[in-house]
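So the sequence shown is residues 78 to 334, counted in the numbering used here. Here a beta-carbon is modelled for each residue, glycine too, at the ideal position from N, C-alpha and C.
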Amino acid sequence: MINLQPLSYSQHKDIKIITRHGSEFGEAVHTAPVQLNELENMCAQTPVCFMKSTETGQFGLYAILGFNEGENLFLNNDQWRLDYIPLQFRCQPFALGPEQQPHATSTQCISINIHSKRISITEGEALFNEDGTPTSYLSGIKNSLADIAKGAHPTRLFIDTLVDSGLVEAATLAVTFNNGDMFNYNGLYTINIDKLEELTHAARSESQSQSRANLNHVFLKQLEQQHFLAPITWLTQSLGNFKKLITLKNTKLKKVE
């Protein structure tokens with residue numbers, strides 16, 4: 078259960094935060110939301126795909142961490158097998174308050190989930206110094222929350238631009254593990270490479286009508302100006318990390334034989 082309270086020195090000065098990792102802290106999940114400002118780091122380590130919300134129908138970017146519900150193959154007991162841990166996990170048990178602003182630094186803009194298992198009185202990182210100022214730990218949390226706020230709009234714009242232009246397509250991953258188990262990973266969406274190459278070719282083709290070629294050129298220029306071409310490349314290349322994920326799964330299955 079989540080119970081968010083506005084963070085304040087008077088109410089939370091004695092609270093400490095347990096910072097170790099593990100499934101007991103909600104990290105045993107098979108997907109994790111990713112923002113544009115952390116996409117390069119995540120794509121270098123995990124597969125990252127588009128997935129559609131069953132509640133809103135909106136697409137989001139997600140790191141694929143496992144094959145089954147509650148399976149995080151990149152979490153080994155209390156250690157991550159990743160050099161970069163997604164913002165979602167690094168900010169627990171904090172969230173931005175309703176008055177969030179991209180560059181907000183006020184403690185009043187932060188909420189804390191007081192029902193989190195990371196909350197402690199006896200162990201962990203303190204939030205406030207004796208004079209009421211934020212500790213270096215809390216300052217780091219504030220910076221990470223600011224990154225989330227700053228990344229929200231560019232991430233939404235990136236996703237909507239690609240979806241609206243037909244550059245996102247459904248994909249199915251069919252895997253046979255070493256023990257013979259078969260798995261179909263449905264609900265994944267990736268970059269439509271054929272469509273992207275078609276747009277690129279059409280923008281340069283002399284056989285296209287001038288107006289259509291101009292439109293394609295303008296769209297590609299828009300992607301470049303918005304710095305979206307590099308993230309498209311990262312996403313495409315990240316699919317190679319499914320091999321790493323499959324290897325981790327095969328290792329896990331072998332241990333339980």
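Any C-beta of chain C under 7 Å from that of T232: Chain labels in this structure do not include chain C; a single protein chain is all it has.
Close-in-space but distant-in-sequence residues of the same chain around N318 (CB under 6 Å, 5 per side omitted): T123, P124
I141 - partner residues in DSSP beta bridges: T108
Rounded separation between K332 and E146 - CA only: 19 Å
Neighbour-count burial assignment, E283, 16 or more Cβ in a 10 Å radius: Because E283 sits at a pLDDT of 49, beneath the cut-off of 50, its placement in the model cannot be relied upon, and the following sentence gives the value as read from the coordinates. The residue is exposed, with fewer than 16 neighbouring Cβ atoms inside 10 Å.
Selected residue, minimal CA-CA separation from A121, among T310, L330, N80, E132: T310
Bridge partner(s) assigned by DSSP for Q156: N153
Neighbour-count burial assignment, A251, 16 or more Cβ in a 10 Å radius: exposed
Stretch-stretch touch, CB-based, cutoff 8 Å, three pairs: the region 159-167 with the region 299-306: no
Close beta carbons around G228, own chain, < 6 Å, minus the five adjacent residues each side: Q112, L113, N114
Three or more C-beta pairs below 8 Å linking the region 191-203 and the region 138-155: no
E274 versus N327 - alpha carbon distance: 35 Å
Distance CB(L116)-CB(L173) smaller than 7 Å: no
Beta carbon of H107 nearer than 7 Å to that of E148: yes
Beta strand (DSSP E) segment containing E246, residue limits: 245-253
C-beta atoms of D155 and R97 nearer than 7 Å: yes
Residues near Y266 in its chain [Cβ-Cβ closer than 8 Å; skip 5 each side]: C126, F127, M128, K129, F136, V245, E246, A247, A248
Nearest to A226 (by Cα), restricted to the options F171, H89, S100, G257: F171
Delimiting residues of the alpha helix (DSSP H) encompassing C168: No alpha helix (DSSP H) holds C168; DSSP gives it neither H nor E.
I189 versus G209, K93, Y161, N255, residue with shortest Cα-Cα distance: K93
Exposure label - A307; buried when at least 16 CB within 10 Å: exposed
Exposure label - Q299; buried when at least 16 CB within 10 Å: exposed
One or two residues paired with F127 in a DSSP bridge: L138, Y266
Three-state secondary structure assigned by DSSP to Q122: coil
Rounded separation between I270 and K321 - CA only: 22 Å
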